[in-house]
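Residue numbers (this note's numbering), protein chains in the order written: chain A, 1007 to 1166; chain B, 2 to 163.
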């Protein structure tokens, strides 16, 4: 006769996996990935970048973003645009006689002055693919008037 | 016997498994999104040059002798410096950013490069209404392709209007 105390004893505890530390790790990983994806570099919702194959990695510089929603220098809005599609233009009031966009030229000159005596960094232009070339040209002429001579055009790297 | 001393025991552990599952699915989704949108850059310089008009035949001929250029218009491309090739490259159908004939432009630039072996610059002149995407497409085509080297330094020329 088997006595009760000789039978295998069952533990009353539930076998729950302790996942709290794993959740901590995954949350930290998620935040790390979100930080890696810089939303201000070409991923703005209102900005459609053109595609290009013969492109190189993005280098540091002074960022200018031009989209149908407006014009920014280093995340600071410096101007608005009017119209849509091929009729998109800067307001006539901000265009000087030499064809430069006054608020942009002044903002870029300020950035350059803030850099002191260091070499002028390149201008990194993030421009929407729908913007007419006249507006792009006005941005480039303004940048040149502010002392910028090298330009990098930000694109989406096309496969192949 | 009194029942006041009884306490209801509740398992208060939070079930984190669905949250963890969500996070685990979110990570590959983010990785895929990052991979799909890879941002890069094209290098360029820009110059302001005096206006050159296409109606001035001699000026255009002189320019073609010195520099290879692509004019981007509302009806297609006009390439100078490509020898005997037809300089006009019309769009394939109604002109839109994806109907400009970049393949024909590439062939013209290969020929231009053959005729101007020491030249690295390509002048790009665009009409005001041309979408920026087309200008970038020209610069991308200028930089090279499977049929050989072309022009490594496309220059955006402003102030010159066809």
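Note that CB positions come from ideal geometry on N, CA and C, so glycine has one too. As the structure is a prediction and not an experimental result, all values here were calculated from the model.
Annotation for residue 1135 of chain A: 1054, 1055 and 1056 place their beta carbon closer than 7 Å to its own, counting only its chain and skipping 5 residues before and after.
In this structure, residue 1109 of chain A keeps its C-beta atom at 9 Å or more from the C-beta atom of residue 1089 of chain A.
Per DSSP, the continuous alpha helix (DSSP H) segment holding residue 1108 of chain A begins and ends at 1108 to 1120.
Taking C-alpha positions only, residue 83 of chain B is separated from residue 141 of chain B by approximately 18 Å. Between residue 86 of chain B and residue 108 of chain B, the CB-CB gap stays under 9 Å.
At a C-beta separation below 8 Å, residue 42 of chain B has these neighbours in chain A: 1061, 1062, 1063, 1064, 1065, 1130, 1158, 1159, 1160 and 1161. Distance from the CA atom of residue 101 of chain B to the CA atom of residue 25 of chain B, rounded to whole angstroms, is 44 Å. According to the DSSP assignment, residue 138 of chain B belongs to the alpha helix (DSSP H) that extends over 133 to 144. DSSP, read as helix, strand or coil, puts residue 84 of chain B in coil. In this structure residue 1065 of chain A is exposed. Its beta-carbon is surrounded by fewer than 16 other beta-carbon atoms within 10 angstroms.
The continuous beta strand (DSSP E) containing residue 154 of chain B extends over residues 154 to 159. For residue 1136 of chain A, a Cβ of chain B is located within less than 9 Å of the residue's own Cβ. Taking every protein chain shown into account, the CB of residue 1038 of chain A has fewer than 16 other CB atoms within 10 angstroms, so this residue is exposed. With a contact defined as Cβ atoms closer than 8 Å, residue 133 of chain B and residue 1157 of chain A miss out at about 13 Å. Interface criterion not met: the Cβ of residue 1074 of chain A is under 9 Å from no Cβ in chain B. Contact of residue 122 of chain B with chain A is not assigned, every C-beta pair being separated by 9 Å or more. 9 Å or more divides the Cβ of residue 139 of chain B from the Cβ of residue 68 of chain B. In this structure, the straight-line span from the alpha carbon of residue 1162 of chain A to that of residue 11 of chain B is close to 55 Å. Inter-residue distance for residue 1077 of chain A and residue 1023 of chain A is about 52 Å (C-alpha atoms, whole angstroms).
Along the stretch 1077 to 1099 of chain A, going in chain order, the ones with a CB nearer than 8 Å to a CB of chain B are 1092.
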